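A.B. asks:
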Ligand SMILES: Nc1ncnc2c1ncn2[C@@H]1O[C@H](COP(=O)(O)OP(=O)(O)O)[C@@H](O)[C@H]1O
Ligand SMILES: [Mg+2]
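Laid out in structure tokens, this is it:
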């Protein structure tokens, strides 16, 4: 009981941030709350929903990638597992979202243990490459698997009338608030996580694995746990993606580009910081969407987005490896 | 009561026998020194006990329990803590946070880990630097942080690898006092590798001497210092110097 109370207190307590920053965050959050009333453009709302979704993805990645320092580049497979679970369960058995989502998350977490256990024998770049390889294989399997729609992908059946059980609404405002709730829960979870035992232990693992082990940390197991948490986060997002878009295929929910984008959000904003993934998503998602609408289909064709991502990675690596939040902290330290 | 028993320990690396058939034991609440020239196999012995190396032969018992080949985190949870010859940085963590990580070995309660860290920080006189990073500190304080974070795991057996290396004579005196105080306050058993004779000969009840991977002597500091083979190996000269000066 004490433990739960302490955890809730930690989750709601942001007092270690300076007052000016806390005020800024509150203003931003109020804006998120009233956004659908202020802006009615469906394009802007779609961008905002995607921002919340990617912020959630990024927060999840931040556990293993940021705090744990293990550059996982296969997170899309967990988005996909959960999205496919939700879609298939609805198509085959008419099972509501609220039942299939937890099952999708569960399957993603289960898969993450099966992948994490062998993969965390590897370190550094070898681990990163292995995560890419595994997710590419899984994507290939799904693309060639007729049972789950193969190349054509899956369309979710329309229920006709708005339906909360199946998460089908006329207005995107509902989707927006659904994502906002999960974004908020994710944020509170991460605020607890960074102060938790596992949060501290992961930072020790990232700094030096031999020292971490000398402090009673089962290094491999700590990584596996964080990897599972990250997978649960992105799986929630994946389940949402399926009911929001009503259509999924491997290139929308399992593609390598999605995995890279998830990692990039957190790295650009600031890995191993609470606000990093949110800042990263706030920059990259609109950039991606508006670029897409300006130059249309040519974007993917030209590989322009990939070029931009590479430039961002190089800039972050060269200027401030701790991302934008790293710059904020430097400025804060200089002020005194 | 024997806290540590090592039987016929052998550890080979390509071409080198770093530990060759080493047998010894340590009693509870003892301070035992481990000395020998560079490359004698001292750190390797620590690594075998703490689980960083798997011995090729031999057995290690801790409190009567066979811990041979256990992984490092498990030997730590069991009650063995060690420091590293080179103190590794804690990345983006502050000194206080690093010590808290040690505390998290025994509790998942952050407030408890924090309370214990504060206690250790005061004992180690690290209050002024607790919010700084390890890499920003002078060597003497880095060594203290290394001790502090390992202590936070509440060990029974505390193994120190060259904590006085790189310290000034007055810092060495402080370190000597600190180790004795740590032993008293937490009632620990201490196993200490040290090149600085003034320190190790001053606080150890017994000293074990390694040379070329072999245990060549064991006894009180005085016995060891007068042992022919030890003098031959390297010690006599240095110890004589310390006694004179
Ligand atoms: N990880 C290792 N791989 C190969 N050789 C090693 C390793 N660790 C130690 N050695 C060798 O074992 C011998 C003993 O080294 P070490 O235990 O570090 O000595 P000491 O701590 O007494 O100076 C040395 O010859 C060293 O080169
Ligand atoms: Mg050594």
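Protein chains in written order, with the working numbering: chain P, 1 to 336; chain C, 1001 to 1245.
C-beta atoms are modelled at their ideal positions from N, C-alpha and C, and glycine is treated no differently.
Computed from a prediction, not measured in an experiment: that's the story for all the values here.
1) Relative to the alpha-carbon of residue 326 of chain P, which residue among P:305, P:287, P:306, P:274 has its alpha-carbon at the smallest distance?
2) Given 8 Å as the limit, is there contact between the stretch 1187-1200 of chain C and the stretch 1033-1046 of chain C, that is, 3 or more CB pairs closer than that?
3) Less than 8 Å separating the beta-carbons of residue 1041 of chain C and residue 1210 of chain C?
4) Could you compute how far the alpha carbon of residue 1022 of chain C sits from the alpha carbon of residue 1221 of chain C?
5) Counting only Cβ pairs nearer than 8 Å, list the residues of chain P close to residue 1135 of chain C.
6) For residue 54 of chain P and residue 1155 of chain C, I'd like the C-alpha separation in whole angstroms.
7) Between P:323, P:82, P:168, P:5, which lies nearest to residue 252 of chain P when the distance is taken from Cα to Cα?
8) According to the Cβ coordinates, are residue 285 of chain P and residue 50 of chain P closer than 8 Å?
9) Kindly provide the chain-ordered list of residues whose Cβ lies closer than 5 Å to any non-hydrogen atom of ligand 1.
10) So, with DSSP's three-state summary, where would you put residue 1218 of chain C?
11) Which residues in the same chain as residue 89 of chain P place their Cβ atom closer than 6 Å to its Cβ, once the five residues preceding and following it in sequence are excluded?
12) Going along chain C, which residues have a C-beta under 9 Å from residue 227 of chain P?
13) Kindly indicate the opening and closing residues of the beta strand (DSSP E) around residue 1002 of chain C.
14) Quick one: which unbroken alpha helix (DSSP H) runs of 4-plus residues sit fully inside the stretch 1154-1238 of chain C? Chain order, please.
15) Let me know the alpha helix (DSSP H) ranges lying completely inside the stretch 174-220 of chain P, each 4 residues or longer, listed in chain order.
16) Compare the C-beta of residue 15 of chain P with all C-beta atoms of chain A and state if any pair is closer than 8 Å.
17) Could you give the distance in angstroms between the alpha-carbon of residue 352 of chain P and the alpha-carbon of residue 75 of chain P?
18) Kindly list the residues whose CB is nearer than 6 Å to the CB of residue 1214 of chain C, restricted to its own chain and excluding five residues on each side of it in sequence; keep chain order.
19) Using 8 Å as the threshold, is the C-beta distance between residue 205 of chain P and residue 267 of chain P below it?
20) For the candidate residues C:1014, C:1044, C:1082, whose alpha-carbon lies nearest to that of residue 211 of chain P?
21) Report yes or no: is there a C-beta of chain C within less than 8 Å of the C-beta of residue 328 of chain P?
22) Counting contacts by CB-CB distance shorter than 8 Å, is residue 208 of chain P in contact with chain C?
23) Taking the continuous alpha helix (DSSP H) assigned at residue 97 of chain P, which residues delimit it?
24) Please tell me whether, using a cut-off of 7 Å, the distance from the CB of residue 1193 of chain C to the nearest non-hydrogen atom of ligand 2 is below it.
25) Hey, which unbroken runs of the alpha helix (DSSP H) at 4 residues or more fall wholly within the stretch 1021-1096 of chain C?
26) Counting only C-beta atoms, is residue 215 of chain P closer than 8 Å to chain C at any point?
27) Round the Cβ separation of residue 1169 of chain C and residue 213 of chain P to the nearest angstrom and send it over; I've been treating them as touching at under 8 Å.
28) Buried or exposed: which applies to residue 1191 of chain C, given that a residue is buried once 16 or more other Cβ atoms fall within 10 Å of its Cβ?
29) Between which residues of its own chain and residue 1245 of chain C is the CB-CB distance below 7 Å, once the five residues before and five after are set aside?
30) Across the stretch 54-72 of chain P and the stretch 230-238 of chain P, are there enough close Cβ pairs to call them in contact, namely three or more that are closer than 8 Å?
31) Report whether the distance from the Cβ of residue 1162 of chain C to the nearest heavy atom of ligand 2 is below 7 Å.
32) How big is the Cα-Cα spacing for residue 339 of chain P and residue 1160 of chain C?
33) Quick check on residue 1105 of chain C - is its C-beta less than 8 Å from some C-beta in chain P?
34) Could you tell me whether the Cβ atoms of residue 324 of chain P and residue 238 of chain P are closer together than 8 Å?
35) Residues of chain C with a CB under 7 Å from the CB of residue 200 of chain P: which are they?
36) Output the distance between the C-alpha atoms of residue 1254 of chain C and residue 1090 of chain C, rounded to the nearest integer angstrom.
C.D. replies: Put simply:
1) For the purposes of this step, residue 326 of chain P is identified with residue 326 of the first chain, where counting begins at 1. Minimum Cα distance to residue 326 of chain P is reached at P:274.
2) yes
3) For the purposes of this step, residue 1041 of chain C is taken as residue 41 along the second chain, with counting starting at 1. For the purposes of this step, residue 1210 of chain C is taken as residue 210 along the second chain, with counting starting at 1. A contact, by the Cβ cut-off of 8 Å.
4) By one-based count along the second chain, residue 1022 of chain C stands at place 22. By one-based count along the second chain, residue 1221 of chain C stands at place 221. Between residue 1022 of chain C and residue 1221 of chain C, the C-alpha separation is close to 19 Å.
5) In the second chain, counting from the first residue as 1, residue 1135 of chain C sits at position 135. Residues of chain P passing the Cβ test: none, with the nearest at roughly 11 Å.
6) In the first chain, residue 54 of chain P corresponds to position 54, counting from 1. In the second chain, residue 1155 of chain C corresponds to position 155, counting from 1. Looking at the two C-alpha atoms, the distance is approximately 44 Å.
7) Against the first chain, residue 252 of chain P aligns to sequence position 252. When only C-alpha atoms are compared, the closest one is P:82.
8) Here residue 285 of chain P corresponds to residue number 285 of the first chain, with the count starting at 1. Here residue 50 of chain P corresponds to residue number 50 of the first chain, with the count starting at 1. Against a cut-off of 8 Å, the Cβ pair of residue 50 of chain P and residue 285 of chain P comes out as a contact.
9) C:1013, C:1016, C:1018, C:1038, C:1039, C:1040, C:1041, C:1042, C:1043, C:1044
10) The sequence position of residue 1218 of chain C within the second chain is 218, counting from 1. Of the three classes helix, strand and coil, the one that applies to residue 1218 of chain C here is strand, per DSSP.
11) Taking the first chain and counting its residues from 1, one reaches residue 89 of chain P at position 89. Once the five neighbours on either side are set aside, the close Cβ partners of residue 89 of chain P are 95, 100.
12) Against the first chain, residue 227 of chain P aligns to sequence position 227. The premise fails here: residue 227 of chain P is roughly 18 Å from chain C at the closest Cβ pair, so nothing lies under 9 Å.
13) Residue mapping note: residue 1002 of chain C aligns to position 2 of the second chain, counting from 1. Residues 1002-1013.
14) 1169-1186, 1197-1203, 1221-1226, 1228-1233
15) 197-207, 209-214
16) Annotation note: the requested chain A is absent from the structure, which comprises protein chains P and C.
17) Lying before the first or after the last residue shown, residue 352 of chain P is absent from chain P, which here runs from 1 to 336.
18) Taking the second chain and counting its residues from 1, the one referred to as residue 1214 of chain C is at position 214. Once the five neighbours on either side are set aside, the close Cβ partners of residue 1214 of chain C are 1020.
19) Here residue 205 of chain P refers to the residue found at position 205 when the first chain is read from its first residue. Here residue 267 of chain P refers to the residue found at position 267 when the first chain is read from its first residue. No, the Cβ-Cβ distance between residue 205 of chain P and residue 267 of chain P is not below 8 Å.
20) Here residue 211 of chain P refers to the residue found at position 211 of the first chain. The shortest Cα separation from residue 211 of chain P among C:1014, C:1044, C:1082 belongs to C:1082.
21) As a position in the first chain, residue 328 of chain P is number 328, starting the count at 1. Interface with chain C (8 Å Cβ-Cβ cutoff): residue 328 of chain P is excluded.
22) Here residue 208 of chain P refers to the residue found at position 208 when the first chain is read from its first residue. Answer yes: the Cβ-Cβ gap between residue 208 of chain P and chain C drops below 8 Å somewhere.
23) Against the first chain, residue 97 of chain P aligns to sequence position 97. Here the alpha helix (DSSP H) through residue 97 of chain P covers 97-119.
24) Your numbering for residue 1193 of chain C matches position 193 in the second chain. Indeed, a heavy atom of ligand 2 lies less than 7 Å from the Cβ.
25) 1042-1050, 1072-1078
26) Along the first chain, read from residue 1 onward, the residue named residue 215 of chain P stands at position 215. Yes, residue 215 of chain P lies at the interface with chain C (some Cβ there is under 8 Å from its Cβ).
27) In the second chain, residue 1169 of chain C corresponds to position 169, counting from 1. In the first chain, residue 213 of chain P corresponds to position 213, counting from 1. 34 Å between Cβ atoms; not a contact.
28) As a working mapping, residue 1191 of chain C is identified with position 191 in the second chain. Classification of residue 1191 of chain C: buried, given that the 10 Å Cβ count is 16 or more.
29) Translated into positions along the second chain, residue 1245 of chain C becomes position 245. Since pLDDT at residue 1245 of chain C reaches only 42, below the 50 mark, its modelled position is unreliable, and no value is offered.
30) Touching, yes, given that three or more Cβ pairs across the two stretches are closer than 8 Å.
31) For this step, residue 1162 of chain C is matched to residue 162 along the second chain. It does: the Cβ of residue 1162 of chain C is within 7 Å (strictly closer) of some heavy atom of ligand 2.
32) No answer is possible for residue 339 of chain P: it lies beyond the span of chain P, which begins at 1 and ends at 336.
33) Indexing the second chain from 1 puts residue 1105 of chain C at position 105. By this cut-off, residue 1105 of chain C is an interface position.
34) As a working note, residue 324 of chain P is residue 324 in the first chain. As a working note, residue 238 of chain P is residue 238 in the first chain. Against a cut-off of 8 Å, the Cβ pair of residue 238 of chain P and residue 324 of chain P comes out as no contact.
35) To locate residue 200 of chain P, count along the first chain from 1; it is residue 200. Here the neighbours are 1097, 1100, 1101, 1104.
36) Nothing can be reported for residue 1254 of chain C: it is not among the residues displayed for chain C, which extend from 1001 to 1245.
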